[in-house]
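Counting along the sequence shown from 1, when you hit position 24 you're at 24 in the UniProt record's numbering, and nothing is skipped either side.
Reviewing the structure listed below.
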Amino acid sequence: MRPQPTALTVLSPALLAAALLPLPGLAAPLTNGDFATGTFAGWTTDTDGGGTPTPLSPDFQILGSPGSYAARLEADYYATPGNTGSTALDQVQYANTLLQGLDLTGTPGQPFALSFDWTFGGQETGAPDENVQIGLWDGTNFHGADGSLGFLLTQTAYGSGSLSVALDPSFSNQPGWSIALQLNSGNNANGSYLQIANVEAVPEPGLIFPLGLAVLAGVRRLRRPRPRT
Numbered sequence: 001m002r003p004q005p006t007a008l009t010v011l012s013p014a015l016l017a018a019a020l021l022p023l024p025g026l027a028a029p030l031t032n033g034d035f036a037t038g039t040f041a042g043w044t045t046d047t048d049g050g051g052t053p054t055p056l057s058p059d060f061q062i063l064g065s066p067g068s069y070a071a072r073l074e075a076d077y078y079a080t081p082g083n084t085g086s087t088a089l090d091q092v093q094y095a096n097t098l099l100q101g102l103d104l105t106g107t108p109g110q111p112f113a114l115s116f117d118w119t120f121g122g123q124e125t126g127a128p129d130e131n132v133q134i135g136l137w138d139g140t141n142f143h144g145a146d147g148s149l150g151f152l153l154t155q156t157a158y159g160s161g162s163l164s165v166a167l168d169p170s171f172s173n174q175p176g177w178s179i180a181l182q183l184n185s186g187n188n189a190n191g192s193y194l195q196i197a198n199v200e201a202v203p204e205p206g207l208i209f210p211l212g213l214a215v216l217a218g219v220r221r222l223r224r225p226r227p228r229t
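Laid out in structure tokens, this is it:
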């Protein structure tokens, strides 16, 4: 007797292909993470906890050209570098911070991958007076990728790099989280800047791809010819 078709055996090729794609309903966790608009659309800029400075520049700037934009935060730049008696070019006294809320809606337990490119540089010839702190912000404290108090990145020396981390699955479907990128000012008149590009948060494909493979494997097993009886 020929076995009756099951739900798996009648899946169309299109549905099988869809099983290997990100699950529907997973919203993009970040808006304008690559600053492709040439603006800070989707982002919140804050100086010293007082909100967006007026004017926005030079504390916050968008650099580059279409396809390669980056955000720049700066602090402690003066008309005459090293001379605190000259005109301060930035408004910041304590910290400039760039923030955006994260939409971590997804499959329960679905991990998210967070990545960005960073550069910390400036006018200092020795150890910079300024420093960088980047982390997940709950409205009160910074947290690391595992959810504990801490940071994704702290930087006290000039440098650059790319960071990519997997957030703990417990973040999935949790509201109230933001990514916060902060440049803390120093006490001298030698300026420093934090440049950020290609900020991205996406559902980890690690759990989605095996799901698709499992579906395909099930179809193959169910389609395997059975011996005649």
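By construction, the Cβ of each residue, glycine as well, lies at the ideal position given by its N, Cα and C atoms.
CB-CB under 6 Å to residue i, same chain, minus the five flanking residues each way: which ones, in chain order?
i, result
"D46", "T97"
"L194", "L73, F120, V132, L183"
"L181", "L98, I134, I196"
"F142", "G135, F151"
"E200", "G33, S115"
"G186", "D76, D129, E130"
"L31", "Reading the sequence as shown, one finds Thr at residue 31 and not Leu. Excluding residues within five positions, the ones whose Cβ falls inside 6 Å are G42."
"Q155", "F120, V132"
"L26", "Legend: pLDDT at L26 = 42, less than 50; position of this residue unreliable, value from coordinates given subsequently. Result list for L26: G106, P203, in chain order."
For the beta strand (DSSP E) containing residue i, name the first residue and the last one.
i, result
"T125", "Looking at the DSSP string, T125 is not in any beta strand (DSSP E), and its letter there is neither H nor E."
"A70", "70-75"
"Y158", "Note, Y158: premise wrong, no beta strand (DSSP E); not H, not E."
"F60", "60-63"
"V199", "192-203"
"N96", "95-101"
Keeping to the same chain, check which residues put their C-beta closer than 7 Å to that of residue i; ignore five residues upstream and five downstream.
i, result
"D48", "V92, Q93, Y94, A95"
"G161", "W118"
"S170", "G147"
Which whole-angstrom value describes the C-beta separation of residue i and residue j, a residue pair presumed to lie in contact below a C-beta threshold of 8 Å?
i, j, result
"L104", "W137", "Contact doesn't hold; Cβ gap of about 13 Å is too wide."
"P203", "F112", "6 Å"
"L152", "G144", "6 Å"
"G191", "Q123", "5 Å"
"S172", "L102", "About 11 Å; that fails the 8 Å criterion."
"residue 246", "I62", "The shown model of the chain, from 1 to 229, leaves out residue 246, and the question about it has no answer."
"A189", "G82", "5 Å"
"F35", "A70", "6 Å"
Provide the residue(s) that pair with residue i in DSSP beta bridges, ordered along the chain.
i, result
"L136", "H143, I179"
"T47", "N96"
"D117", "S162, A197"
"T154", "Q133"
"residue 306", "Nothing can be reported for residue 306, as the shown portion of the chain is limited to 1 through 229."
Can you name, in chain order, every residue of its own chain whose Cβ lies under 8 Å from the Cβ of residue i, other than the five neighbours on each side?
i, result
"P58", "E74, Y77, L89, D90"
Could one say the Cβ of residue i lies closer than 8 Å to chain E's Cβ atoms, at least one of them?
i, result
"D103", "Protein chain content of the structure displayed is limited to a single chain, and chain E is not contained in it."
- request: Report yes or no: do the region 72-87 and the region 159-169 share at least 3 C-beta pairs separated by less than 8 Å?
  value: No contact exists between the region 72-87 and the region 159-169.
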